[in-house]
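If you're matching them up, the sequences are chains X and L in order.
Going letter by letter, the first sequence gives residues 4 to 142 in my numbering.
Going letter by letter, the second sequence gives residues 3 to 225 in my numbering.
Take a look at the structure below.
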Amino acid sequence: MPVFLQAQQSKITITPPAPIAAKRGGTVTETLKLEVLPGFHVNSDKPKDEFIIPLKLTWADGLLLTKSVTYPKPEEIKVGSQDLTVFTGNFTIETQFEAPPKAPTGSGIVTGKLRYQACNNQMCFRPMTVDVRVPVVVE
Amino acid sequence: MNIGPILRELRRNDRQRIHWRFEVFVRPLKPALLATAATLMFLFSCSRPAITTAQADTKPEAARKPAPNFTLKDASGTRVELSSYHGKVVLLNFWATWCGPCEMEIPWFVEFEQQFKSKGFEVVGVSMDDDGWPAVKPFIAAKKINYRILLGDDSVTQLYGGVDALPTTFMIDRDGRIAAVHVGLAGKDEYSNEIQNLLANGETTDSGRRARPVASLLAGSAK
């Protein structure tokens, strides 16, 4: 694939999240499904090198509060002399949300941002931030 | 009829004939052949250095376009203009601290800077780190980078076609024209050959004047 076409594409696709339902005062888990394009990798959430940009999912507090974000176990690969921890292919990120006891009932959207930086064996692409939106119903 | 003894005799004669031909024609020439091979090996080893495995892949001069000029700051805050390198061969490398393939090339560039600086060559690194000098300065120190690093921005990358993939490297000739472009990790030999090829095309003297290539002097066509 020509480089200019590679550059125009996002190297990660996110499956649109299904709506989640949360009870006031309870917790709910959202599993975000992601896929890295074949031939590419994205850095894990805990890279070994301080200069490497980690993958990070952050959520804006609103209807729900973020309790924890859990990333999968990364793969360890070697590119040249560099030892990297990366995600490739299909993987998921789990977020545990908490609905505050006094959260308003009804439907809404939880918004988040996924920041990642992708490479292949020959080149890297500038860090990208993509918006994530999850429909929520608070009961 | 048993033809075995006849065949054995024919084979023996063949072996003798081959041995005879070797003794008559080849053996007397053996010292001369060895000497010729040694001479050829010596001549190849003494010819222009270091054209190793990869071939220099620079564009013909007529096809080269001017490298867009820009001004960026270096680590000391000095404003640096690309056009100030006119007369030198420049390896202009867009890179970032978070880029693994870029990191692999950096030791080669450090070596090239040492090896070819006195011949009119400079490496100029343009960092595309969004975090700026706080990210780049420690990296320069950690990797012992001996060439000039500038902090890039999107207005400069737009001049060079966007530079979405790193590393992206432009080889710029002494006249400030782009002689080669490498998107992604390239080979060390490839860079080395291109540098030497471009340096050979009009060497500068100590006084900064351009030396005329021997071939053009012979042709009487040098300006």
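Using N, Cα and C, we set each Cβ at its ideal position, and we do this for glycine too.
Does any residue of chain X bring its CB to less than 8 Å from the CB of P136(L)?
What you label residue 136(L) is simply residue 134 of the second sequence in a count that begins at 1. Not an interface residue.
I'd like the list of long-range same chain contacts for E196(L), defined as Cβ closer than 6 Å, with 5 residues on each side in sequence excluded.
The residue you call residue 196(L) lines up with position 194 of the second sequence. Closer than 6 Å at Cβ, skipping near neighbours: A58, T60, M173, A182.
List in chain order: all unbroken alpha helix (DSSP H) runs of 4+ residues lying wholly within the region 99–147 of chain L.
102–118, 135–144
Min CB distance T99(L) to chain X below 8 Å
Translated into positions along the second sequence, residue 99(L) becomes position 97. Interface residue, yes.
Assuming D1(X) is part of the beta strand (DSSP E), what are its boundary residues?
Missing from the structure shown is residue 1(X); chain X here goes from 4 to 142 and no further.
Is E78(X) closer than 8 Å to T108(X) when the C-beta atoms are compared?
Mapped onto the first sequence, residue 108(X) falls at position 105. Mapped onto the first sequence, residue 78(X) falls at position 75. Not in contact: T108(X) and E78(X) (Cβ atoms no closer than 8 Å).
Determine the direct distance from the alpha carbon of R136(X) to that of I112(X), and round the result to whole angstroms.
Your numbering for residue 112(X) matches position 109 in the first sequence. Your numbering for residue 136(X) matches position 133 in the first sequence. Between the alpha carbons of I112(X) and R136(X) lies a distance of about 6 Å.
Using 8 Å as the limit for Cβ to Cβ distance, is M131(X) near chain L?
Sequence index remark: in the first sequence, residue 131(X) carries index 128 (1-based). It does not; no Cβ of chain L falls within 8 Å.
Just to check my reading of the structure: G163(L) and G122(L) have Cβ atoms closer than 8 Å, yes? What is that Cβ distance to the nearest angstrom?
Indexing the second sequence from 1 puts residue 163(L) at position 161. Indexing the second sequence from 1 puts residue 122(L) at position 120. With a Cβ gap of about 26 Å, G163(L) and G122(L) do not count as contacting.
Using a C-beta to C-beta distance shorter than 8 Å, which residues of chain L count as neighbours of L87(X)?
Position 84 of the first sequence, counting from 1, holds the residue named residue 87(X). Per Cβ cutoff of 8 Å: G102.
Proximity of T159(L) and F96(L) at Cβ, strictly below 8 Å
Against the second sequence, residue 159(L) aligns to sequence position 157. Against the second sequence, residue 96(L) aligns to sequence position 94. Going by C-beta atoms, T159(L) is nearer than 8 Å to F96(L).
Contact under 8 Å by Cβ, E101(X) with T34(X)
Along the first sequence, one-based indexing puts residue 101(X) at 98. Along the first sequence, one-based indexing puts residue 34(X) at 31. Not closer than 8 Å, so no.
Among the candidates T95(X), V82(X), I55(X), whose CA atom is the shortest distance from the CA of V39(X)?
Against the first sequence, residue 39(X) aligns to sequence position 36. If we check each option's Cα against that of V39(X), T95(X) comes out closest.
If you draw a straight line from the C-alpha of E63(L) to the C-alpha of T73(L), how long is it?
Residue mapping note: residue 63(L) aligns to position 61 of the second sequence, counting from 1. Residue mapping note: residue 73(L) aligns to position 71 of the second sequence, counting from 1. Each residue's Cα considered, the two are about 25 Å apart.
Counting only beta-carbon atoms, is V31(X) nearer than 8 Å to chain L?
Walking along the first sequence from the start, residue 31(X) turns up at place 28. Not closer than 8 Å to any Cβ of chain L, the Cβ of V31(X) fails to qualify, so no.
Since M106(L) meets chain X, which of its residues come closer than 9 Å, beta carbon to beta carbon?
As a first step, residue 106(L) is located in the second sequence; it is residue number 104 there, counting from the start. What M106(L) touches in chain X: V82, G83, S84, Q85.
For F128(X), which residues in chain L fall below 8 Å Cβ to Cβ?
Position 125 of the first sequence, counted from the start, is the residue given in the question as residue 128(X). Result: D166, A167, L168.
Chain L within 8 Å of I15(X), Cβ atoms only
Looking up residue 15(X) in the first sequence gives position 12. Contact of I15(X) with chain L is not assigned, every C-beta pair being separated by 8 Å or more.
Counting only C-beta atoms, is L187(L) closer than 8 Å to chain X at any point?
Walking along the second sequence from the start, residue 187(L) turns up at place 185. By this cut-off, L187(L) is an interface position.
Cβ of P68(L) within 8 Å of Cβ of R179(L)?
For the purposes of this step, residue 68(L) is identified with residue 66 of the second sequence, where counting begins at 1. For the purposes of this step, residue 179(L) is identified with residue 177 of the second sequence, where counting begins at 1. For P68(L) and R179(L), yes; Cβs fall inside 8 Å.
For S110(X), which residues in the same chain have their Cβ closer than 6 Å to its Cβ, ignoring the five residues on either side in sequence?
Against the first sequence, residue 110(X) aligns to sequence position 107. Excluding residues up to 5 positions away in sequence, V140 lie with their Cβ nearer than 6 Å to the Cβ of S110(X) in the same chain.
Let's test the definition: count the other Cβ atoms within 10 Å of the Cβ of Q116(L) and tell me whether it reaches 16, buried, or not, exposed.
Here residue 116(L) refers to the residue found at position 114 of the second sequence. Classification for Q116(L): exposed.
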